[in-house]
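Here the structure is laid out as structure tokens; the discussion comes afterwards.
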Amino acid sequence: MNNRTRLQELALTAPSFVWLCLFFLIPTLIIFTFAFKPYDVYGSILDGWTLETIYNLFNHSFLVVFWRTIWISLVTTVICLSLSLPIGYYLARTTSKLRHIFLILVVMPFWSSFLVRVFAWKSILHPEGVFKKMLVVLHIVNADTLLLYNPGAVLLVLVYSYVPFGILPIYAAASKFNFDLLDAAMDLGASQLQAFFRVFIPGIKAGILTSTVMVLIPTIGAYVIPDVVGGHNSEMIGNKIAQWIFVDRNLPQASALAAFLALLVLVPMIVLGLYSSRVERNSITDARGKQ
Amino acid sequence: MKDKDSIVFENVSKRYGKVLALDNVSFSVKKGEFFSLLGPSGCGKTTLLKIVAGFERPDTGRVLLDGEDITQLPANKRPVNTVFQNYALFPHLSVRENIAFGLQIAKRAAHEIKIEVDQMLRLIQMEDQGHKKTDEISGGQKQRVAIARALINKPRVLLLDEPLAALDLKLRQKMLLELDLIHDEVGITFLFVTHDQTEAMAVSDRIAVFHHGKVEQIGSPIELYESPKSSFVAAFIGDTNFLDGRVAEKMDEDYSQLMLEEFPKILCYNDKHHAVGDLVHLSIRPEKIQISREAPPKNALYNSFQAVVEDVVYKGDHTKFWVRVEGYRIAVAQQHSRFLLDEKPIRWHDVVWIWWHADDGFMLDRYSESDEKLTQEPSEKIGATDARREGDAGE
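Going down the list, the sequences are from chains A and B.
According to our numbering, the first sequence holds residues 1 to 291 in order.
According to our numbering, the second sequence holds residues 1001 to 1395 in order.
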């Protein structure tokens, strides 16, 4: 009996286990192995082991890229969250008709290809583009200001691209929130702002955590956006990896950086994962206590 | 006299789209009173409570609290606190933190907050439960925490919005007693919204019966039951028989003869001085009617008829009979104050006498068709579905 349920369990998990091993675990291991391999200028990977690739990561030109990646993704996450919170709140409170319209608007960008949308931004921000010309006419910028190829442009397009991933989890959490609690808070003397921060925000904590992960992780690994709308002064880790693979033909160096990026992403993931599983476990024991 | 008023409503009206939720309501609640707003759902009682709490603004009229106009004051600036229907406890906070919420918003010192929360936990007899999360305590305890969370702010009025609706019957009766005790202890005005007349009767000093956004009658529970001013109040508070009739003859200053279609004439006390020819309801409570196999003693003020028993429902402390007199079906309740097995009980199809004193019937204006629907069996079922819904939401 017990053996049979074990077999069933194995049979059920095997496909996804094999899938994850083949396409996730093994490639990751390959990358981690390559990171410690010597290389030559022709792009070959040599036998033996070395730590040179790791030393190279601490070279000044890379550290600049590293810090830039960190601040751009943190600022993107903060902006996305501060947009998502009021939007998610509004979506949960508005009439169902307006809610449907807004949700469609939030999801609509996904109807067209991500690449197309990024290139669309390039033409919007282009020095000869309509938007730029309009700003010049309105005397908001002068004709020499460059809207493209700088960290600002990267930030703008990152926020544009990932804000739906911030809104949806927060909306999902907010739609389950009991808004009577805000009345209760105000009844007890809280202002609207106090009620929002002391009752609403803690009430949708799980949604905020998910939003953070959904925005922060892909932003750290961003490649297309800084490549298309960014310039040399807005390179991110993703661009550096691409450069080392395609231009320098230096797979071990690129692998070292990719491995580093993976670890970089893993740290906040583990922290948030532990935290949210604690939140979840609490809510499970709560549910048990109720029965 | 005026300074004894806690809350005064002056010509308060509120309209939601086409529905007139409150129609020019004026009355006052005395200081320290346990005052109930009673009525069927949609009668405007909750709207009035929300107007006091500050969650709604009246379209016209004013609300005075201790003589001060609070109509335009935002909810968080009013010295009143609410106990919500489904408690609305903050799920991310412990029992203690929930109770402390108001004081923390008021930026009171931590040691003061601790002392006052301890006091409140003692009042609601939950000294050892302060650390628990709100999902770890029972429905009755949640209710008490909600009351403590409101009372700790020392409100001048405590507003209770159907606070017992989500509890089961036993717990509801227990909480009702506790509410009464807490009211005696803190001595502030309680404004209690309920659709359940037994709840309101049990604890209130006075009750305002609402109907279609208007106050039908305000009075003590006894006044409402024994001397309802309208058919609606008579039907909503307790059980009653309604017989349609016409005032046929005025006997003297106090009594009139009533003429009913195909029914013997009825003598009835006429305190509202209906004129001869008026169409009225005769309302007579089932327990005021005597029932017996023997003919009643002779008394000029007795209305007595021979009747046939159609239904008998034995309920332990009393039995309910439905008897037929000519074309009319009349409910009669007989209390059992003596050992019943020694008596020969009245059964189905027995021919019996029923009689009541002319003082026990009262004449009321006719009520309309739509009122009749509202008077049918409100309480128990509504509470039960609410409780289930609350449970679902918590999953």
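The beta carbon of each residue, even a glycine, is placed where N, CA and C say it ideally should be.
In this text the structure is predicted, and so the values were computed from the model without any measurement.
Could you work out which residue in the options is closest to residue i when comparing CA atoms only?
i                 : options                                    : result
Asn1270 (chain B) : B:Leu1301, B:Thr1071, B:Ala1331, B:Glu1253 : B:Glu1253
Leu1121 (chain B) : B:Arg1108, B:Gln1197, B:Gln1143            : B:Gln1143
Arg1366 (chain B) : B:Met1251, B:Asn1303, B:Ser1304, B:Val1247 : B:Val1247
Met214 (chain A)  : A:Leu135, A:Val78, A:Ala254                : A:Val78
Lys205 (chain A)  : A:Asp47, A:Phe114, A:Ala173                : A:Ala173
Ser277 (chain A)  : A:Gly207, A:Leu263, A:Gln253               : A:Gly207
Arg99 (chain A)   : A:Tyr171, A:Ile201, A:Asn250               : A:Tyr171
Leu158 (chain A)  : A:Leu263, A:Pro202, A:Thr69                : A:Thr69
Thr1189 (chain B) : B:Ala1358, B:Val1029, B:Ser1230            : B:Val1029
Measure the alpha-carbon distance for residue i versus residue j and round it to whole angstroms.
i                 : j                 : result
Lys1114 (chain B) : Leu103 (chain A)  : 45 Å
Gly1219 (chain B) : Lys97 (chain A)   : 45 Å
Leu105 (chain A)  : His1131 (chain B) : 44 Å
Ala1275 (chain B) : Gly1054 (chain B) : 46 Å
Pro1079 (chain B) : Gly189 (chain A)  : 9 Å
Phe196 (chain A)  : Ala185 (chain A)  : 9 Å
Thr76 (chain A)   : Leu155 (chain A)  : 6 Å
Leu83 (chain A)   : Val65 (chain A)   : 27 Å
Leu1374 (chain B) : Ala1088 (chain B) : Note that Leu1374 (chain B) has pLDDT 43, beneath the 50 cutoff, so the model's placement of it is unreliable and no number is given.
Val1095 (chain B) : His1195 (chain B) : 29 Å
Pro86 (chain A)   : Gly1102 (chain B) : 25 Å
Leu25 (chain A)   : Thr219 (chain A)  : 22 Å
Phe1035 (chain B) : Lys1298 (chain B) : 43 Å
Leu1164 (chain B) : Pro1155 (chain B) : 20 Å
Pro1286 (chain B) : Cys1268 (chain B) : 16 Å
Val1352 (chain B) : Ser1041 (chain B) : 40 Å
Ala14 (chain A)   : Leu261 (chain A)  : 29 Å
Gly308 (chain A)  : Leu209 (chain A)  : Because chain A here runs from 1 to 291, residue 308 (chain A) falls outside it and cannot be looked at.
Leu10 (chain A)   : Gly221 (chain A)  : 34 Å
Val1332 (chain B) : Thr95 (chain A)   : 51 Å
Leu1049 (chain B) : Val1193 (chain B) : 7 Å
Glu1372 (chain B) : Asp1244 (chain B) : Residue confidence for Glu1372 (chain B) is low, a pLDDT of 49 falling below 50, so the modelled location carries little weight; the figure read from the coordinates is stated next. Cα to Cα, Glu1372 (chain B) sits roughly 14 Å from Asp1244 (chain B).
Phe1009 (chain B) : Leu1093 (chain B) : 36 Å
His1281 (chain B) : Ile1237 (chain B) : 16 Å
Asp1059 (chain B) : Thr145 (chain A)  : 55 Å
Any idea what DSSP makes of residue i, helix, strand or coil?
i                 : result
Thr50 (chain A)   : coil
Ile270 (chain A)  : helix
Ser1227 (chain B) : coil
Leu1038 (chain B) : strand
Glu1010 (chain B) : strand
Lys1381 (chain B) : Reliability fails at Lys1381 (chain B), whose pLDDT of 32 lies under 50, so the model's placement of it is uncertain and the value that follows must be treated cautiously. Of the three classes helix, strand and coil, the one that applies to Lys1381 (chain B) here is helix, per DSSP.
His1318 (chain B) : strand
Tyr1087 (chain B) : strand
Met1126 (chain B) : coil
Asn142 (chain A)  : coil
His1131 (chain B) : coil
Val1276 (chain B) : coil
Glu9 (chain A)    : helix
Gly189 (chain A)  : coil
Trp1348 (chain B) : coil
Gly1102 (chain B) : helix
Asn1303 (chain B) : strand
I'd like the span of the alpha helix (DSSP H) that includes residue i, first residue to last.
i                 : result
Met1175 (chain B) : 1169–1186
Phe114 (chain A)  : 114–125
Val137 (chain A)  : 130–137
Tyr223 (chain A)  : No alpha helix (DSSP H) holds Tyr223 (chain A); DSSP gives it neither H nor E.
Phe34 (chain A)   : 26–34
Arg1293 (chain B) : Run containing Arg1293 (chain B): none; DSSP gives neither H nor E here.
Between which two residues does the beta strand (DSSP E) containing residue i stretch?
i                 : result
Ala174 (chain A)  : Unbroken run through Ala174 (chain A) is the alpha helix (DSSP H), 151–175; no beta strand (DSSP E).
Asp1244 (chain B) : 1241–1250
Asn239 (chain A)  : Premise fails: Asn239 (chain A) lies in the alpha helix (DSSP H), 237–242, not in any beta strand (DSSP E).
Gly43 (chain A)   : Neither: Gly43 (chain A) is in no beta strand (DSSP E) and is coded neither H nor E.
Cys1268 (chain B) : 1266–1269
Ser1026 (chain B) : 1019–1030
Quick one: is residue i buried, meaning 16 or more other Cβ sit within 10 Å of its Cβ, or exposed?
i                 : result
Trp1348 (chain B) : exposed
Phe131 (chain A)  : exposed
Lys1170 (chain B) : exposed
Glu1033 (chain B) : buried
Gly1187 (chain B) : exposed
Ile1152 (chain B) : buried
Pro1264 (chain B) : exposed
Pro1221 (chain B) : buried
Gly1327 (chain B) : exposed
Arg1324 (chain B) : exposed
Pro109 (chain A)  : exposed
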